[in-house]
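Structure record follows, encoded as structure tokens.
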Amino acid sequence: MTLQSVDASTFEAVVLKSSVPVIVLFSDESKKSSKNMTSSLETAAEDQGSKIKVVNKALDKSGPIEKNPAYDVQSAPTTLFFKNGKLERTIVGFYNYSDVFKAWVDELAKA
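Quick note, our numbering runs 1 ahead of the 1-based positions in the sequence shown.
Below, the structure written as structure tokens:
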């Protein structure tokens with residue numbers, strides 16, 4: 002499964018106004034950890050089905066989303082969990098889709 006891409010022009014509609022929880026990966030495809038996190042999130046998307054939406058945002062350190070003090074994205078990979086348009090959790094770095102990370106995704110997907 003390929004993650005849907007978002008940018009500054011689509012972020013609000015796709016992420017903040019979503020009717021389901023959204024996980025946003027800020028990635029830099031030149032970094033192995035970003036590629037590995039993409040794989041983990043593809044697994045999460047397949048596992049959760051329509052309960053969540055998982056999207057990718059190419060990291061732009063000077064971009065308006067990354068510079069938003071509420072998100073403070075400074076490096077890749079950084080993963081933000083949103084529910085009802087509100088930031089619920091921030092994870093910096095790579096996690097396999099198992100144990101703790103899966104528990105976080107399961108928690109987000111609960112109605």
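Ideal placement from N, C-alpha and C gives every residue a C-beta, glycine not left out. All values derive from a computational prediction rather than experimental measurement.
Check, Outcome
"My understanding is that L42 touches I66, with C-beta atoms under 8 Å, so please give their C-beta distance in whole angstroms.", "Not a contact, Cβ separation roughly 17 Å."
"With a threshold of 8 Å, are at least 3 pairs of Cβ atoms found where one atom belongs to the stretch 56-70 and the other to the stretch 99-112?", "no"
"With burial defined as no fewer than 16 other Cβ atoms inside 10 Å of the residue's Cβ, what is the status of P78: buried or exposed?", "buried"
"Report the partner residues of V55 according to the DSSP bridge assignment.", "I24"
"What is the C-beta distance between F82 and M38, in whole angstroms, given that I count them as a contact (C-beta under 8 Å)?", "13 Å between Cβ atoms; not a contact."
"For a quick check, are the C-beta atoms of G86 and K33 less than 8 Å apart?", "no"
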